[in-house]
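Following: one structure in structure tokens, then a few remarks.
There are 2 protein chains.
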Amino acid sequence: MNKNQFGNAVVGQSGGPTSAINATLAGVIKGAFESDKIEKIYGMRNGIEGFLEERLADLTEQFGDAAGNLDTEKLDMLVHTPAAALGSCRRKLPDPHTETAFYENLIELFKKYNIRYFFYIGGNDSMDTVAKISEYLKTCDYEMYAIGVPKTIDNDLTATDHTPGFGSAAKFIATTMQEIVRDCAVYTVPAVTIVEIMGRDAGWLTASAALADRIAGCGPDYVYLPEVPFSIENFFADIRAAMKKKPNIVIAVSEGIRFADGRYVGEGTQSGSVDAFGHKYLGGTGAALEMAVKEEFGCKVRSVELNLPQRCAAHCASLTDLEESVSTGLTAVNKAVSGISGSMISIVRAEGAEYSVSFEAKSLSDIANKVRSVPRHYINESGNDVTAECIDYILPLIQGEPVLQYKNGLPVHFVIR
Amino acid sequence: MNKNQFGNAVVGQSGGPTSAINATLAGVIKGAFESDKIEKIYGMRNGIEGFLEERLADLTEQFGDAAGNLDTEKLDMLVHTPAAALGSCRRKLPDPHTETAFYENLIELFKKYNIRYFFYIGGNDSMDTVAKISEYLKTCDYEMYAIGVPKTIDNDLTATDHTPGFGSAAKFIATTMQEIVRDCAVYTVPAVTIVEIMGRDAGWLTASAALADRIAGCGPDYVYLPEVPFSIENFFADIRAAMKKKPNIVIAVSEGIRFADGRYVGEGTQSGSVDAFGHKYLGGTGAALEMAVKEEFGCKVRSVELNLPQRCAAHCASLTDLEESVSTGLTAVNKAVSGISGSMISIVRAEGAEYSVSFEAKSLSDIANKVRSVPRHYINESGNDVTAECIDYILPLIQGEPVLQYKNGLPVHFVIR
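Order-wise, the sequence lines are chains A and B.
Start counting the first sequence at 4; every next residue gets the next number (this note's numbering).
Start counting the second sequence at 4; every next residue gets the next number (this note's numbering).
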């Protein structure tokens, strides 16, 4: 074992925040405290961007108690705090083969803080960052172990069964869908409610809206994912069929649904409109469909965009997701100190009826810049609902409710100084 | 005591649903089971509209166990179910002085089911319904006791300290604001996020967004209520001032904010725009401000409409609100069987630092068709925030978290057959 392996660690968060990204951070911090190879763990403020400016938080100090041991109460608070507690960034690193000056500077900074372990929590772009740094490390004599830790509510990373953050978003969406459907059912007048759900390219989040129907018998009448070309004629026919059975129709649509010619359904809404101040209005998919249905059916129509709460409603997180997120972060540290580098931690689901997972390190080259869509057999033939197989896949991920700490009526979050 | 006082009761729900309106219904059901003057309690399906069509649910049967006692487990499930479990309607009753045929028919129906106690849960219009029926009862020889039970997330009813339903909506808004502000704080690029909150005429819900700042130090930078005329110049100046301190600005606006000339800020957004299907788009207040800020500042701007979850997010209800809602319903029954009629149950807050309330019957004439706005001294001088007095008023109403029953990862609701 190389003596250099004893040193400091640094962890960063990157890309869009989720309800569970701090649980992953908590796992990394826990792993660092437990490892005898890591002296100190730093947090990068605003990801790699902040690291380059040497904006670092001393997490060993902030999460240590008087005796220098991990303060588990603080760590637990962090687990339940939404959005990246270290701040985030969207910075694409240059090519390590040609832009060597950039990486030389980076290595100097690693040396300055004696960073021997590098953890980066994020989505596709973040895995690209880890891959590039790992690539450069091969060409220089600085010994450091770099591991990517996945997160994204979109669940669109390859080489992992699912991504930390998705389960909590799915649970919030299913919970909210059940509530919205109950709300919309109180009147007897015909009405259509269109709920727009995040997911530009992959329909995983929209698919999870269907859980409300399968679990509670109170969910959307139809779900439309971006994986299937959208036809307005079929959409109208679906609504017409549903209206024969009951007055209140609720529909879940992905923000990313597209016509057969590739145009986004929400695209056209982005021009022509002028508001009170004379400005153009940029609408979305739900808004576009709201207008279309209003004109076709002449009934009451409403669109609801679930928006930011999908990725930050930590008060409605999935316990399974939070626990797996912590484990993913913890595994990253364990793998790194055992000498693994240039990998991403992947969640592997065991075969069989009982849900169980393990955490493995996988090559980054399998992952970076690829998108995992909802497979066609997870969507029904008509393209307006998901199949039982899809439900079976998502269901275990939303199980369990975390016990939150409240103060004065609001959840308590942990703020990293 | 008149022998006629022994008989059946009927309860209905009317107007927009809330997260707590079923808790009030649960209180009425509990009161009916406990009273020796009430034999059977019926539920009107879709309020008075369904009653006229004799669409009734036998709640004594549905909430009774094998021995005919109240099944408290079912009742508890109902307390945590959002939206009107009996269905709702928006039906304004005719003038009882002139349209006597309508009321004669109504009385015949009461007689048919031997209804001696009439409970109607709702907002302003529902209190109007109770007032009219009470008025007509004075002119005929049918003995029945009619009580209105308030609910509205808007908190705009007079003659009550606050309305059941408001506390849960306020808690959801404050909880979500804290989460959104954390989410928006992760990047360093200048960005403005505008959160549109319900409340066409009264700003109580928007005011509660400020709780996130006062309780958790993580709330909107400004809140704009409909009680103060909106100035786009002052709004821009406010944003400019905030941007000098930090890059991420989050603003809470009421959907009902108006310019000094009375025009709604969201009004103009409702014309001119055409979407992918060639239809006009109807935008809102948040959308209008999003465009205005984008043009003025050229930075990233986003608008988020909290929309339906404000009134149906039962998974994030206030325990205080639910308990008070049950008590309001229970009090309604106790007052009615003691001979009170033509009244609304009011929540009275005791003087003093310690929060405590009592429930009283108040004359409906004080209430119907009046709106209670946020008083000017609850809003700061600049009209862009609320005062400490306003926070002190709302804070007790969001306290406590209900223990929900979950099944398969989703909250369990009670469905009335």
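Built from N, CA and C at the ideal position, the CB exists for glycine as well.
Check, Outcome
"Test: A/Q402 CB closer than 9 Å to a CB of chain B", "yes"
"Amino acids of chain A, ordered along the chain, whose beta-carbon sits closer than 8 Å to that of B/A215", "L413"
"Classification of A/E76 by the beta-carbon crowding that lies within 10 angstroms, buried from 16 upward", "exposed"
"Contacts of B/Y409 in chain A (Cβ-Cβ under 7 Å)", "E404"
"B/R424 versus A/N25, A/D98, A/L367, residue with shortest Cα-Cα distance", "This structure cannot speak to residue 424 of chain B, because chain B is shown only from 4 to 420."
"Any 3 or more C-beta pairs closer than 8 Å across the stretch 224 to 231 of chain B and the stretch 363 to 375 of chain B", "no"
"Nonlocal neighbours in the same chain, by C-beta distance under 8 Å from B/S359, ignoring five residues either side", "R352, A353"
"Whole-angstrom C-beta distance between A/Y148 and A/I343, which should lie under 8 Å", "7 Å"
"Same chain only: Cβ atoms within 6 Å of A/T427, ignoring 5 sequence neighbours per side", "With chain A running from 4 to 420 in the structure shown, residue 427 of chain A is simply not present."
"Paired residues, beta bridge with B/D157 - DSSP", "BP columns for B/D157 are empty, so no partner."
"Interface partners of A/L325 on chain B, CB under 7 Å", "Ordered by position in chain B, no residue passes the 7 Å Cβ test against A/L325, which lies about 13 Å from the chain."
"Inter-stretch contact (C-beta, 8 Å, three-pair minimum) for the stretch 9 to 16 of chain B and the stretch 306 to 313 of chain B", "no"
"Residue interval of the beta strand (DSSP E) (run including A/S306)", "303 to 308"
"Distance between B/I44 and B/V1 (C-alpha atoms, nearest Å)", "Beyond the ends of chain B as shown, which are 4 and 420, falls residue 1 of chain B; an answer cannot be given."
"A/E299: first and last residue of the uninterrupted alpha helix (DSSP H) it sits in", "288 to 300"
"B/I156 CB to nearest heavy atom of the ligand FMN below 8 Å", "As for the ligand FMN, it is missing from this structure, which has no ligand bound."
"Straight-line gap, A/F121 to A/M130 (C-alpha atoms, nearest Å)", "12 Å"
"Test item: CB-CB of A/A213 and A/D159 under 9 Å", "no"
"C-alpha gap between B/L407 and B/A317, whole angstroms", "9 Å"
"Of the residues B/I136, B/A69, B/E182, the one placed nearest A/A88, counting alpha carbons only", "B/E182"
"Where A/S17 falls, given that 16 or more other Cβ within 10 Å makes a residue buried", "buried"
"Helix, strand or coil at A/M80 according to DSSP, with G and I counted as helix", "helix"
"Beta-carbon proximity check, B/E363 vs B/T334, cutoff 9 Å", "yes"
"Proximity test, Cβ basis, 9 Å: A/P223 and chain B", "no"
"Pairwise C-alpha distance: B/E102 and B/G202", "33 Å"
"Continuous alpha helix (DSSP H) assignments of at least 4 residues falling wholly in the stretch 307 to 385 of chain A", "312 to 315, 322 to 340"
"Collapsed DSSP secondary structure at B/Y430 in the structure displayed", "Nothing about residue 430 of chain B can be read from this structure; chain B reaches only from 4 to 420."
"Own chain, CB closer than 8 Å to B/S346, minus 5 neighbours either side, in chain order", "I150, G151, K338, A364, K365, S366, L367"
"Spatial neighbours of B/P250 in its chain, beta-carbon cut-off 8 Å, leaving aside the 5 residues before and after", "Y190, T191, V192, P193, A194"
"Segment contact, 8 Å Cβ cut-off, at least three pairs: the stretch 163 to 179 of chain B with the stretch 397 to 405 of chain B", "yes"
"Proximal residues, the stretch 6 to 34 of chain A versus chain B, C-beta separation under 7 Å", "P20"
"The stretch 63 to 78 of chain A contacting the stretch 28 to 36 of chain A, beta-carbon criterion three pairs below 8 Å", "yes"
"Cβ-Cβ distance between A/A188 and B/A86 below 9 Å", "yes"
"Residue environment, A/E111, which counts as buried when at least 16 other CB atoms sit within 10 Å", "exposed"
"Proximity test, Cβ basis, 9 Å: A/V307 and chain B", "yes"
"Residue ranges of each beta strand (DSSP E) within the stretch 18 to 72 of chain B, 3 or longer", "41 to 47, 59 to 61"
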